[in-house]
Amino acid sequence: MQGLIMDRPLLISDLLRHADNVSGEREIVTRSVEGPIHRYTYRDAHRRSRQLARALQALDVKLGDRIATLAWNTYRHFEVYYAVSGIGAITHTLNPRLHPTQMAYIVNHAEDSYIFADVNLVPLIEAVTDDMPSIKGVVVMTDRANMPDTTIPNALCYEDLVGAQSDDFEWPEFDENTASSLCYTSGTTGNPKGALYSHRSTIIHAYASALPDVLHMGENEVILPVVPMFHVNAWGIPYGATMVGAKLVFPGPKLDGASIHKLLVDEGVTMTAGVPTIWHLLLNHWREAKTNVPSLKRVIIGGSACPESMVQAFQDEFGTDVRHAWGMTEMSPLGTVSLPKPSMDKPDEILRKQIKQGRPVFGVQMRIVDDDGNELPHDGESFGELHVRGPWITSGYFKMETSDVHGDDGWFATGDVSTLDADGYMEITDRAKDVIKSGGEWISSIELENAAMGHPDVAQAAVIGVPHPKWDERPLLIVVPAAGRTPSHEDLTVYLSDKVAKWWLPDDTILTDELPLGATGKVLKTELREKFGDHTLPDAG
Ligand code: AMP
């Protein structure tokens, strides 16, 4: 017997319509690409998104068409999210940190018909205009006064397009399983692959992300997503924040410590989210300027492992709570969030759990398996590949017939190696391809990195496996020293020796000026392996 419930579709346009109705006066603030602070409300955003929706239809954009964006976190990018998905087309976010030829590959694969680009990113498109035959035009996201001189043949002005339309527009209704947005994985190996989200998956993910024990979004929060809107839709914040009518603060292109700090203070931000690299910059700024942000209750840290020293710095030095979260492009991205349980009251135990990636958000199911696919126990010790399934997790890749990570049994193989403990907490011990295989056993590069980063002379650390004649691979520690410091291999070995097993201790240490970062701010292990992979270890001749 079926329930007697209306079958109303879950559609992204309803988020903005609802915000207009019930929180219409709540603000959306942007440090614009052109420079000045721009301020308006959800009501204004809804009106302009309807105007833009009409403009898209005038450009003959139809259900299922892919519309790319090459843009920072701004109110205009927010409008494009809603207008494009709202008419049943697909918002395809491009990462400006990719090499233009890689961007062109992605545009061609997606067969995008238009690109909406920020004014300072137009040169990236100019470099490859002739290589993107599906592109009918490029909409520069600025006003007439700021339009650049460009070699792009069909460059349109965003404000002209919007300004030419009335807001007399009703959002169309269609099946909630219609595709809404497309995001390519950063793909450290092989070509990037497209994760294609639906209206339904986006709305369910938004409900989940707003929960108090997840991102804790509500109308009286002021939320600044530093995580880019081109990186898994800024972790879904533009949808979740709109669902609850939170004040939104968009940082535009300036992500340095001082610029972020100023926005946090000026706008009374209560919650922010981003990758550890960004928080290093902010913490350094706070220390140098001897300041902090009293309104800032919570920082969400994810995208790569949050070091213990970072949790302590935020919480103990500066009074801001840390929520460590884990997810993936293929997971929309939310998977787990690490909060202590009410029964936990010992500071050590709480910190230990915060370093873990956390417990699954309702909707996400997890298991760990060994190389033969056998399920491993949830004892916090056994580690194996993490599999997930749930209503916002991809079932395949865009325009790919087969995928060896989407199993026939309905589980997605994440490529992360992790433990699960009896309290339900997941801890990543490595990426399957980064784990160091020494003498038939596995060494977690992440655990070594986190331990090394606790040393006061270490600003950043990365560990890779280098070939060893006897042990197959041994760990090599690569360190960016703290300003003015030169930690020796011996110092670091002594420091690490009570933190990891003896056979895990790195065989050598290299000091370097900086670590190579990929397009989403993660350390590029592939590049480190290319650069240091043939380093001769002291006892390996
Ligand atoms: P992406 O799809 O670019 O967001 O990358 C997803 C991958 O980033 C995951 O599979 C993890 O390897 C890594 N990752 C994300 N969050 C965390 C975290 N909190 N700790 C460790 N690794 C993380």
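Taking my numbering, the leading residue of the sequence shown gets 535, the next gets one more, and so forth.
Virtual Cβ for every residue (Gly too), placed ideally from N, Cα, C.
None of these values were measured; they are calculated from a predicted model.
Sorted by chain position, which residues of the same chain lie with C-beta nearer than 6 Å to residue i's C-beta, five sequence neighbours on each side aside?
{"i": "His819", "result": "Gly791, Ala792 and His795"}
{"i": "Trp945", "result": "His921 and Arg923"}
{"i": "Leu655", "result": "Leu604 and Pro630"}
{"i": "Val618", "result": "Ile601 and Thr625"}
{"i": "Pro531", "result": "What is shown of the chain runs 535 to 1075, which leaves residue 531 out entirely."}
{"i": "Asn688", "result": "Gly671"}
{"i": "Lys971", "result": "Asp1006 and Glu1007"}
{"i": "Met865", "result": "Ile927"}
{"i": "Asp968", "result": "Ser979 and Lys1059"}
{"i": "Gln585", "result": "Val696, Gln699 and Asp701"}
{"i": "Gly752", "result": "Val778"}
{"i": "Ala859", "result": "Ile834, Gly836 and Val871"}
Under the assumption that residue i contacts residue j (Cβ atoms under 8 Å), give the Cβ distance between them as a whole number of angstroms.
{"i": "Ile835", "j": "Val856", "result": "6 Å"}
{"i": "Thr811", "j": "Gly1055", "result": "4 Å"}
{"i": "Phe708", "j": "Arg588", "result": "Not really, about 17 Å apart at Cβ, beyond 8 Å."}
{"i": "Phe1066", "j": "Ile998", "result": "6 Å"}
{"i": "Ser843", "j": "Val809", "result": "At roughly 16 Å, the Cβ-Cβ gap does not stay under 8 Å, so Ser843 and Val809 are not in contact."}
{"i": "His739", "j": "Leu868", "result": "6 Å"}
{"i": "Gln888", "j": "Val833", "result": "Gln888 to Val833, Cβ: 12 Å. No contact."}
{"i": "Val748", "j": "Val895", "result": "5 Å"}
Within the same chain, show all residues whose beta-carbon is closer than 8 Å to that of residue i, passing over the 5 residues directly before and after it, in chain order.
{"i": "Leu716", "result": "Arg600, Ile624, Thr625, His626, Thr627, Ala644, Gly728, Ala729, Leu730, Tyr731 and Phe932"}
{"i": "Asp1025", "result": "His989 and Asp991"}
{"i": "Leu550", "result": "Tyr576, Ala579, His580, Ser583, Tyr616, Gly620 and Thr776"}
{"i": "Thr1020", "result": "Asp991 and Leu1045"}
{"i": "Asp664", "result": "none"}
{"i": "Pro772", "result": "Phe612, Tyr615, Pro759, Met763 and Leu782"}
{"i": "Leu1010", "result": "Val997, Ile998, Gly999, Val1000, Pro1040, Asp1041, Asp1042, Thr1043, Ile1044, Phe1066, His1069 and Leu1071"}
{"i": "Arg560", "result": "Ala553, Thr575, Tyr576, Glu753, Gly779, Ala780 and Lys781"}
{"i": "Lys1033", "result": "Ala985 and Gly988"}
{"i": "Asp646", "result": "Arg600, Ile601, Ala602, His626, Met666, Ser668 and Ile669"}
Could you check which residue in the options has the C-alpha nearest to that of residue i?
{"i": "Leu797", "options": "Pro634, Pro810, Val783 and Asp957", "result": "Val783"}
{"i": "Met666", "options": "Ala638, His989, Ala651 and Ile757", "result": "Ala638"}
{"i": "Thr635", "options": "Thr1027, Pro657, Ile621 and Val662", "result": "Val662"}
{"i": "Asn725", "options": "Val641, His611, Pro1021 and Gln899", "result": "Val641"}
{"i": "Ile571", "options": "Phe1066, Asp800 and Asp943", "result": "Asp800"}
{"i": "Thr719", "options": "Asp747, Thr564 and Met862", "result": "Met862"}
{"i": "Pro657", "options": "Ala740, Val969 and Ile686", "result": "Ile686"}
{"i": "Gly892", "options": "Pro874, Ile902 and Asn826", "result": "Pro874"}
{"i": "Met805", "options": "Thr825, Asp541 and Val760", "result": "Val760"}
{"i": "Ile659", "options": "Leu586, Gly918 and Leu632", "result": "Leu632"}
{"i": "Leu830", "options": "Val756, Lys887 and Val898", "result": "Val756"}
{"i": "Leu1058", "options": "Pro1021, Pro746 and Ala996", "result": "Ala996"}
{"i": "Val595", "options": "Ala553, Leu758 and Tyr648", "result": "Tyr648"}
{"i": "His1069", "options": "Glu1048, Ile1012 and Asp904", "result": "Ile1012"}
{"i": "Gly774", "options": "Phe848, His912, Leu789 and Ser743", "result": "Ser743"}
{"i": "Ser952", "options": "Gly918, His912, Glu975 and Gly941", "result": "Gly918"}
{"i": "Asp942", "options": "Trp976, Gly907 and Asp968", "result": "Gly907"}
{"i": "Gln994", "options": "Met934, Leu1051 and His940", "result": "Leu1051"}
{"i": "Asp850", "options": "Asn826, Val673 and Pro1001", "result": "Asn826"}
{"i": "Gly569", "options": "Ser1022, Pro1003 and Asp677", "result": "Asp677"}
{"i": "Pro543", "options": "Glu710, Met751, Val898 and Phe650", "result": "Glu710"}
{"i": "Gly974", "options": "Ala947, Glu981 and Lys1004", "result": "Lys1004"}
{"i": "Asp541", "options": "Trp1038, Lys824, Arg734 and Glu1064", "result": "Arg734"}
{"i": "Phe545", "options": "Thr736, Ile669 and Gly598", "result": "The sequence given here has Leu at residue 545, not Phe. Selected option, being the one with the closest Cα: Thr736."}
Which residues in the same chain have their Cβ closer than 7 Å to the Cβ of residue i, if we skip the five residues on either side of it in sequence?
{"i": "Asp882", "result": "none"}
{"i": "Arg610", "result": "Met675 and Tyr692"}
{"i": "Arg582", "result": "Glu613 and Val696"}
{"i": "Pro787", "result": "Val567, Trp606 and Asn654"}
{"i": "Pro499", "result": "No answer is possible for residue 499: the residues shown for the chain start at 535 and end at 1075."}
{"i": "Thr608", "result": "Thr564, Ser566, Val567, Phe784 and Gly786"}
{"i": "Pro706", "result": "Ile621 and Gly622"}
{"i": "Pro1001", "result": "Glu1007"}
{"i": "Phe852", "result": "Trp820 and Asn826"}
{"i": "Ala947", "result": "Glu919, His921, Val939 and Gly941"}
{"i": "Asp904", "result": "Leu910 and Gly918"}
*Whole beta strand (DSSP E) elements within the stretch 755 to 822, 3-residue minimum*: 756 to 759, 781 to 784 and 805 to 808
*Please confirm if the stretch 922 to 930 is in contact with the stretch 961 to 972, defined as three or more CB-CB distances below 8 Å between the two stretches.*
Fewer than three Cβ pairs drawn from the stretch 922 to 930 and the stretch 961 to 972 lie within less than 8 Å of each other, which leaves the two stretches out of contact.
*Within the stretch 878 to 920, note down every full alpha helix (DSSP H) run reaching 4 residues or more, in order along the chain.*
881 to 889
_Quick check on the DSSP output: what are the complete beta strand (DSSP E) runs of length 3 or more inside the stretch 944 to 975, in order along the chain?_
946 to 954, 960 to 965 and 970 to 972
*Does the count of Cβ pairs from the stretch 982 to 989 and the stretch 949 to 962 closer than 8 Å reach three?*
no
*Runs of beta strand (DSSP E) lying entirely within the stretch 976 to 1057, each at least 3 residues, in chain order*: Segments of the beta strand (DSSP E) lying fully in the stretch 976 to 1057: 992 to 1002, 1006 to 1015 and 1042 to 1045.
*asked:* Can you confirm whether the stretch 809 to 825 touches the stretch 768 to 786 when touching is taken to mean that 3 or more C-beta pairs between the two stretches lie within less than 8 Å?
replied: Output reads no: the stretch 809 to 825 does not touch the stretch 768 to 786.
*Going along the chain, which unbroken runs of the alpha helix (DSSP H) with 4 or more residues stay wholly within the stretch 542 to 591?*
For the stretch 542 to 591, whole alpha helix (DSSP H) runs of length 4 or above, ordered along the chain, are 546 to 557.
*Any chance you could list the beta strand (DSSP E) runs of at least 3 consecutive residues sitting entirely within the stretch 648 to 691, in chain order?*
648 to 651, 671 to 674 and 689 to 691
*Unbroken stretches of the alpha helix (DSSP H), 4 residues or longer, contained in the stretch 825 to 862*: 842 to 846
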